[in-house]
Amino acid sequence: MAIQFKIIDHVALITLDAQASNNALSLGDLSSLRKTLCACQDDEQVRVIVLTGAGDRAFCSGASHKDLLLSASGFVAATLKSRETEAEEGGASRLFDLSDLDVWKPMIAAINGACLGGGLELALQCDLRMAATDATFGLPEVCDATIPAAGGVQYLLRAVPAAHAMKMALTGDPVSAQQALDMGLIIEQLPRQQLLSAALSLAERIAANGPLAVQSIKRLALQTAHLAPRDFVNQAHLHWGLLRDSGDHAEGRMAQAEQRPPKYTGT
């Protein structure tokens, strides 16, 4: 299977492992990835998700074209069907869009090589991105007379200044890890041999915090960014009130008073 999965303490490590195709994902791989992410969201043991690629060449180079076919029912008809049915008929593009999965647990992309096309669209849907010093990033679709189908341009515009995003999208040219760091696409670049351990260390730091509060922060960040201040403050206050009466909040205050590390349970 191209989707490898294991849990380390409270961190789920998902590895894209299709090295023969530079970790390009088939329909089956994408379906498996989506099911794994859903399972992580529902598993109370998992508090943070780290996504990386196997090998030393690529994080993910998009969709594998070996088993992709044009939908027999045509684009419009396929789009009006469920993503799963469309995928069964050969349509993969919507499977790269993870927004329907409601994964509120933080996702960290540990980008170990080429991160192109659908691979970059996956990375852009992660909350934090770290990369090896020799990683590259790009949306090359325009060079093939098409566009990123899972929101790549829009996600990129939200992640980096518009001029950088538009240059990448309009030229299809890749950028280096240093360029990605300079424009804010990634938070850190490291030697390849240090990348995964650094990503897991960051994940563990996040996982040590109250899990319900962490998920609330992500949910508010994604669902209220478009709102006016009056509305997003109302939503923040609602979440604050929900967390105020949680067992974890009581534990956090008690731990602070007793000068010890808190032991959160997600309740």
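Residue numbers (the numbering used here): 1068 to 1334. Ideal Cβ placement from N, Cα and C applies to all residues, glycine included.
Check                                                                                                                                                                      : Outcome
So, with DSSP's three-state summary, where would you put Ala-1145?                                                                                                         : helix
Taking only the alpha-carbon atoms, compute the straight-line gap between Thr-1082 and His-1132 and give it to the nearest angstrom.                                       : 20 angstroms
Tell me which same chain residues have a C-beta within less than 7 angstroms of the C-beta of Lys-1285, skipping the five on either side of it?                            : Trp-1171, Pro-1173, Asp-1194
Ser-1243 bridges to which residues according to DSSP?                                                                                                                      : Thr-1203
Can you tell which of Leu-1248, Leu-1257, Ala-1212 has its C-alpha closest to the C-alpha of Thr-1238?                                                                     : Ala-1212
Where DSSP assigns a beta bridge to Cys-1127, which residues make up the other side?                                                                                       : Cys-1182
Expressed to the nearest angstrom, what Euclidean distance is found between the alpha-carbon atoms of Ser-1264 and Ala-1270?                                               : 10 angstroms
Count the other CB atoms, across all protein chains shown, that sit within 10 Å of the CB of Leu-1147; report buried if there are 16 or more and exposed otherwise.        : exposed
Could you give the residue range of the beta strand (DSSP E) that holds Phe-1072?                                                                                          : 1070–1075
Grouping DSSP H, G and I as helix and E and B as strand, with all else coil, what is Glu-1255?                                                                             : strand
Count the other CB atoms within 10 Å of the CB of Leu-1305; is the residue buried (16 or more) or exposed (fewer)?                                                         : exposed
If we call anything under 8 angstroms between Cβ atoms a contact, is Arg-1114 one with Asn-1089?                                                                           : no
Reducing DSSP to helix, strand and coil, say where Val-1078 ends up.                                                                                                       : strand
For Gln-1108 versus Asp-1201, is the C-beta distance shorter than 8 angstroms?                                                                                             : no
Are the CB atoms of Pro-1329 and Gly-1314 within a distance shorter than 8 angstroms?                                                                                      : no
Looking only at its chain, what residues have a beta carbon closer than 8 angstroms to the beta carbon of Thr-1203, apart from the 5 residues adjacent to it on each side? : Gly-1180, Ala-1181, Cys-1182, Leu-1183, Pro-1241, Val-1242, Ser-1243, Ala-1244
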